[in-house]
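**Q** If you read the protein sequences in the order shown, they are chains L and Y. Per the working numbering, the very first residue in the first sequence carries number 156; after that it's consecutive. Per the working numbering, the very first residue in the second sequence carries number 377; after that it's consecutive.
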Amino acid sequence: MTSKTLKVTIPSDREIMMIRVFDAPRALVFEALTKPALLKRWFLGPPGWTLAVCDIDLRVGGAYRYVWRGEKGEMGMGGIFKEIAAPERIVATEAFDQGWYPGNNAVVTQTLSEQGGKTTLSLRVMYESKDARDAVLKSPMESGVAASYDRLSEFLATQTGL
Amino acid sequence: MTPASRLDTTFAALADPTRRAILARLASGEASVLELAEPFAMSQPAISKHLKVLERAGLISRGRDGQRRPCRIEAQPLEEATGWLEEYRKFWEGRFQRLDVLLDELKGEAQALSLALRRLGP
């Protein structure tokens with residue numbers, strides 16, 4: 156698999172799975188996923204929104220917390236690390252401050268594998284119910300930040316060149 | 377059915393691998409229950425059960441051709457469902473493209489650092 160294109164699938168009733176290849180060694184991708192100073196440079200929302208708070212206590216039982224801030228408000232989420240096997244696997248819980256989908260609790264498993272200097276990230280999110288999974292799937296903009304659909308589309312257009 | 381609940385029914389119908397395989401088969405043309413049952417190690421009643429779920433989700437329709445009642449794929453609900461997946465995909469792809477840029481920068485920094493260290497070396 157050499158294509159960088161993100162693949163999104165629904166392997167079961169309660170899951171969303173994403174697979175993406177990055178042109179960088181695994182150790183570097185792991186850093187970008189776990190170091191606050193680096194996350195603040197890419198894990199953003201629409202234009203104008205920043206990842207204002209990014210606290211990560213990278214150990215089993217440790218907590219992480221993200222807060223995005225924009226003109227129209229803020230949005231926070233966080234969870235607890237369940238499993239850490241650097242640089243290949245992280246399992247953590249995930250909940251949003253403003254619980255906007257049923258249950259508001261998910262388990263995220265990130266797996267990194269390296270081949271020929273390229274890294275494949277597999278991100279599997281398990282929700283408590285099918286209703287929760289579907290709500291997330293239907294609201295990509297809410298899972299990022301509470302921005303209007305129009306602004307998101309605009310943003311996506313600039314990102315994807317569509 | 378509201379658009380949202382119809383989408384729920386579509387996602388539920390698509391969550392099963394056998395039903396996805398049936399849809400993949402029907403994408404290449406209509407088929408009877410007997411023809412559909414053949415490649416799967418499943419009884420006709422088991423296949424019929426899956427077909428009912430797909431029919432209720434509006435993903436397939438059944439012909440009136442006597443006993444054969446051929447199944448054919450209905451494109452619209454499938455397009456709606458993949459539309460949502462595509463929106464979700466685009467949102468994350470935007471983020472990951474920024475990660476690409478960051479990783480390139482980090483690789484550049486690492487190279488510059490190792491070059492500088494080599495120059496400082498004996």
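For every residue, glycine included, the Cβ atom is placed at its ideal position computed from N, Cα and C.
1) For ARG444(Y), which residues of its own chain have a beta-carbon under 6 Å away from its beta-carbon, when the five flanking residues on both sides are left out?
2) Below 8 Å between beta carbons: does that hold for THR394(Y) and ALA457(Y)?
3) Would you report the Cα separation of MET336(L) and LEU496(Y), rounded to the nearest angstrom?
4) Anything in the stretch 179–197 of chain L with a Cβ closer than 9 Å to a Cβ of chain Y? List those residues in chain order, please.
5) Could you tell me the distance, in whole angstroms, from the CA atom of LEU317(L) to the CA atom of ARG244(L)?
6) Give the straight-line distance between the Cα atoms of ARG440(Y) and LEU430(Y), rounded to the nearest whole angstrom.
7) Give a single yes or no on whether ARG224(L) has its beta carbon closer than 7 Å to a heavy atom of the ligand MG.
8) Keeping to the same chain, check which residues put their C-beta closer than 7 Å to that of PHE185(L); ignore five residues upstream and five downstream.
9) Using 8 Å as the threshold, is the C-beta distance between LEU410(Y) and ARG448(Y) below it?
10) Do PHE198(L) and LEU276(L) have their CB atoms nearer than 8 Å?
11) Taking the C-alpha atoms as reference points, what is the distance between SER308(L) and LEU482(Y)?
12) Under a CB-based cut-off of 8 Å, is ALA391(Y) close to chain L?
13) Alpha carbons only, please: which of GLN487(Y), LEU479(Y) and GLU406(Y) is nearest the one belonging to LEU183(L)?
14) Taking only beta carbons into account, state which residues of the stretch 441–469 of chain Y come closer than 7 Å to chain L, listed in chain order.
15) Run through the DSSP bridge pairs and tell me what LYS319(L) is partnered with.
16) In angstroms with no decimal places, state the Cα-to-Cα distance between ILE211(L) and MET281(L).
17) Using only CA atoms, which one of SER284(L), PRO257(L), THR264(L) and LEU278(L) lies nearest to VAL163(L)?
18) So, is the C-beta of ALA388(Y) closer than 8 Å to a C-beta in chain L?
19) What do you reckon, are the CB atoms on ALA389(Y) and ALA433(Y) nearer than 8 Å?
20) Contact criterion: CB-CB distance below 8 Å. Does TRP204(L) meet it with respect to chain Y?
21) Considering GLU229(L), what are the terminal residues of the alpha helix (DSSP H) in which it resides?
22) Taking the CB atoms as reference points, tell me whether VAL222(L) and GLY234(L) lie closer together than 8 Å.
23) Could you tell me if PRO453(Y) is buried or exposed, where buried requires 16 or more neighbouring beta carbons within 10 angstroms of its beta carbon?
24) What residues of chain L sit near LYS425(Y), judged by a beta carbon separation below 8 Å?
25) Kindly provide the ranges of any beta strand (DSSP E) runs that are 3 or more residues long and lie completely inside the stretch 440–490 of chain Y, ordered along the chain.
26) What number of angstroms, rounded off, separates the C-alpha of SER303(L) from the C-alpha of ILE436(Y)?
27) To which residues of the same chain is PRO257(L) closer than 8 Å at the C-beta, ignoring the five residues directly before and after it?
28) Starting from GLU431(Y), follow the alpha helix (DSSP H) in both directions and report where the run begins and ends.
29) Alpha helix (DSSP H) containing ALA413(Y): first to last residue?
**A** So, to answer that:
1) The count along the second sequence starts at 1 and reaches residue 444(Y) at position 68. A distance below 6 Å between beta-carbons, with the five flanking residues on each side excluded, links ARG444(Y) to the following residues of its chain, in chain order: SER408.
2) The sequence position of residue 394(Y) within the second sequence is 18, counting from 1. The sequence position of residue 457(Y) within the second sequence is 81, counting from 1. In this structure, ALA457(Y) does not lie closer than 8 Å to THR394(Y) by Cβ.
3) What is shown of chain L runs 156 to 317, which leaves residue 336(L) out entirely.
4) Here the close residues are ALA179, PRO180, LEU183, VAL184, GLU186, ALA187, LEU188, LEU193, ARG196 and TRP197.
5) Within the first sequence, numbered from 1, the residue matching residue 317(L) stands at position 162. Within the first sequence, numbered from 1, the residue matching residue 244(L) stands at position 89. Caution is warranted here: a pLDDT of 34 is assigned to LEU317(L), below 50, making its placement in the model unreliable, and the coordinate value is therefore given only provisionally. Note on geometry: alpha-carbon atoms of LEU317(L) and ARG244(L) lie some 33 Å from one another.
6) Position 64 of the second sequence, counted from the first residue, corresponds to residue 440(Y). Position 54 of the second sequence, counted from the first residue, corresponds to residue 430(Y). Here the alpha carbons of LEU430(Y) and ARG440(Y) stand approximately 17 Å from one another.
7) Looking at this structure, you won't find the ligand MG or any other ligand, since it has none at all.
8) For the purposes of this step, residue 185(L) is taken as the residue at position 30 of the first sequence. Once the five neighbours on either side are set aside, the close Cβ partners of PHE185(L) are ALA241, PRO242 and LEU267.
9) To locate residue 410(Y), count along the second sequence from 1; it is residue 34. To locate residue 448(Y), count along the second sequence from 1; it is residue 72. Cβ atoms of LEU410(Y) and ARG448(Y): not closer than 8 Å.
10) Walking along the first sequence from the start, residue 198(L) turns up at place 43. Walking along the first sequence from the start, residue 276(L) turns up at place 121. Not closer than 8 Å, so no.
11) Working through the first sequence from its first residue, we reach residue 308(L) at position 153. Working through the second sequence from its first residue, we reach residue 482(Y) at position 106. For SER308(L), the predicted model reports a pLDDT of 35, less than 50, meaning its position is unreliable and no value from the coordinates is stated.
12) As a working mapping, residue 391(Y) is identified with position 15 in the second sequence. For ALA391(Y), at least one C-beta of chain L is nearer than 8 Å to its own C-beta.
13) Counted from its first residue, the first sequence places residue 183(L) at position 28. Selected option, being the one with the closest Cα: LEU479(Y).
14) Listed in sequence order: TRP460, LEU461, GLU463, TYR464, ARG465, LYS466, PHE467, TRP468 and GLU469.
15) The requested residue 319(L) does not occur in the structure, where chain L is confined to residues 156 to 317.
16) Translated into positions along the first sequence, residue 211(L) becomes position 56. Translated into positions along the first sequence, residue 281(L) becomes position 126. One C-alpha to the other measures close to 21 Å.
17) As a working note, residue 163(L) is residue 8 in the first sequence. Out of SER284(L), PRO257(L), THR264(L) and LEU278(L), the CA that lies nearest to the CA of VAL163(L) is found in LEU278(L).
18) The residue given as residue 388(Y) occupies position 12 in the second sequence. At least one CB of chain L lies nearer than 8 Å to the CB of ALA388(Y).
19) On the second sequence, position 13 is the one that residue 389(Y) refers to. On the second sequence, position 57 is the one that residue 433(Y) refers to. Yes. Within cutoff.
20) Along the first sequence, one-based indexing puts residue 204(L) at 49. Output row for TRP204(L): interface = no.
21) Looking up residue 229(L) in the first sequence gives position 74. Residue range 228–240 is occupied by the beta strand (DSSP E) that includes GLU229(L), with no alpha helix (DSSP H) assigned at that position.
22) The count along the first sequence starts at 1 and reaches residue 222(L) at position 67. The count along the first sequence starts at 1 and reaches residue 234(L) at position 79. With respect to the 8 Å criterion, VAL222(L) and GLY234(L) are not classified as neighbours on the basis of their beta carbons.
23) Against the second sequence, residue 453(Y) aligns to sequence position 77. Classification for PRO453(Y): buried.
24) What you label residue 425(Y) is simply residue 49 of the second sequence in a count that begins at 1. Those within 8 Å of LYS425(Y) in chain L number zero; the least Cβ separation is about 17 Å.
25) Qualifying beta strand (DSSP E) stretches, in chain order: 447–449.
26) Taking the first residue of the first sequence as 1, we reach residue 303(L) at position 148. Taking the first residue of the second sequence as 1, we reach residue 436(Y) at position 60. For SER303(L), the predicted model reports a pLDDT of 32, less than 50, meaning its position is unreliable; a value from the coordinates is still stated below. Taking the straight line joining both Cα atoms gives about 34 Å.
27) One-based indexing of the first sequence puts residue 257(L) at position 102. Excluding positions up to five away in sequence, the list reads GLU283, SER284, ASP286, ALA287 and ALA290.
28) The sequence position of residue 431(Y) within the second sequence is 55, counting from 1. Run containing GLU431(Y): 420–432, per the alpha helix (DSSP H) assignment.
29) Counting from one through the second sequence, the residue named residue 413(Y) turns up at place 37. Residues 409–413.
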